[in-house]
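Take the sequence shown: its position 3, counted from the start at 1, is 3 in full-length UniProt numbering, and no numbers get skipped. Okay, structure first, notes after.
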Amino acid sequence: MNIEGKVNNLVNELTENDIEFSVDGISSYLGIFVMYNEHISCYLEYRNHSFIYIKKDDPRKMWEDFTHELGHYLLHDTDQRTTNNMMNYKQENEANKFSLLFRMPQQIIESYELFSEQDLMTFFNEMRSAARQRLTLLYNHYCATSSVS
């Protein structure tokens, strides 16, 4: 399944189960331990338990870091310490895309007709660059799935 599919499935599952879209709500629902620290954000597994470490920062940045690490949790089964740089680069880009899509879900964008950078920035508390990236991905999705020839 592609990244978009995984994001959409997770958004639907969380919505159907009335799970709050927050670090605490999502991590509790998925059984992920979240630890806050002063140094680094990362995801790791230890003794069959999943941990997301989040570097203390402003709330928007901590949400972005959480969703990025959540992407690793849902998408990847490798230890980046033992994989080559090209694979790590690929996985980081996949986690970034997951984070962007999850922070601004297509279902919500379409339901509320949030089709401008300003709309996304206001509704989701995002930076302009992230809103622009999300709209570009959505535009590309519409072009790829268009039935117009």
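Built from N, CA and C at the ideal position, the CB exists for glycine as well. Please read all numbers here as calculations on a predicted model, not as lab measurements.
Is it right to say residue 190 is buried, meaning 16 or more other beta carbons lie within 10 angstroms of its own, or is it exposed? Any answer about residue 190 is impossible in this case: the structure gives the chain only from 1 up to 149.
Does DSSP classify His49 as helix, strand or coil? Counted from its first residue, the sequence shown places residue 49 at position 49. Looking at His49 - three-state DSSP - the assignment turns out to be strand.
Just the Cα atoms here: how many angstroms apart are Thr15 and Ser111? As a position in the sequence shown, residue 15 is number 15, starting the count at 1. As a position in the sequence shown, residue 111 is number 111, starting the count at 1. Going by the C-alpha atoms only, they are around 14 Å apart.
Let me check understanding here. Comparing Cα to Cα, which of Arg60, Leu75, Pro105 and Asp18 lies closest to Tyr43? Here residue 43 refers to the residue found at position 43 when the sequence shown is read from its first residue. Among Arg60, Leu75, Pro105 and Asp18, the Cα nearest to that of Tyr43 belongs to Leu75.
Helix, strand or coil: which one does DSSP assign to Met35? Looking up residue 35 in the sequence shown gives position 35. Correct three-state label for Met35: strand.
According to DSSP, which residues form a beta bridge with Ile54? Here residue 54 corresponds to residue number 54 of the sequence shown, with the count starting at 1. For Ile54, which the question treats as bridged, DSSP gives the partners Tyr36.
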